[in-house]
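Asker: All letters in the sequence shown, in the order written, are residues 6 to 145 by my numbering.
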Amino acid sequence: TAILLGGILAAVSLVASAAGAGNKNAFGGPIGTGEFWVLAVAGTVVSPFVEEGFFRGLLQPLVVRSLGGTFGVITTAVLYATMLLPQYGLTPGWASLLVANTTWGWIRLRTGSTTAAVVAHASYNATLFGILLLFQGSRA
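(1) Hey, could you find the ends of the alpha helix (DSSP H) Thr116 is sitting in?
(2) Ignore the nearest five residues each way along the sequence and tell me which others in Leu72's own chain have a CB closer than 8 Å to its CB.
(3) Are Gly48 and Leu133 touching if we call contact CB-CB under 9 Å?
(4) Just to confirm before moving on: does the CB-CB distance between Ala100 and Gly110 stay below 9 Å?
(5) Among Ser52, Gly117, Gly39 and Glu40, which one has its Cα closest to the Cα of Ser128?
(6) DSSP on Pro91, reduced to helix/strand/coil?
(7) DSSP three-state call for Gly135: helix, strand or coil?
(8) For Val78 versus Leu114, is the C-beta distance shorter than 9 Å?
(9) Leaving out five residues before and five after Leu103 in sequence, what residues of the same chain have Cβ atoms less than 8 Å from its Cβ?
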């Protein structure tokens, strides 16, 4: 279920972000082959473990204890999404990340498992990179 939900959220996120804008590097140029694969591996393997480990594994349980389940999940999701605000600005893409983060928090709250949130986050990112690969065509 977490894998399916992650893929669905990624597809919705890409639509909200106007997918073509996602295939640029930090300097605004096209992402090269090597750069794409480094980002794809880091984004689907490393980032979900590190980010979910901190936000859902460490921070969310503390916030939930203080604010309760609903407000704890939302607060943690807003903190996570705020970290990405300089990169995205207040755009539909950022809003979709906030929704995805709230979903990952809800998964953590309902299952009691950080692993489930990691799987949903990893599948979200893998779907994003898969769709970007389609947009990149033979360049990646």
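We put the CB at the ideal spot given by N, CA and C, even for glycine.
All values derive from a computational prediction rather than experimental measurement.
Answerer: Here's the rundown:
(1) Taken as a continuous stretch (DSSP letters only), the alpha helix (DSSP H) holding Thr116 covers Pro97 to Thr116.
(2) Cβ neighbours of Leu72 beyond the five flanking positions: Thr80.
(3) It is a contact, given that the beta carbons lie within the stated cut-off.
(4) It is not a contact, given that the beta carbons lie outside the stated cut-off.
(5) Looking only at Ser52, Gly117, Gly39 and Glu40, the smallest Cα-Cα distance to Ser128 is reached by Ser52.
(6) Helix at Pro91.
(7) In the structure shown, Gly135 sits in a helix (DSSP, three-state: H, G or I).
(8) Their beta carbons are under 9 Å apart, which means Val78 touches Leu114 by this criterion.
(9) Ala82, Val83 and Ala86, listed in sequence order.
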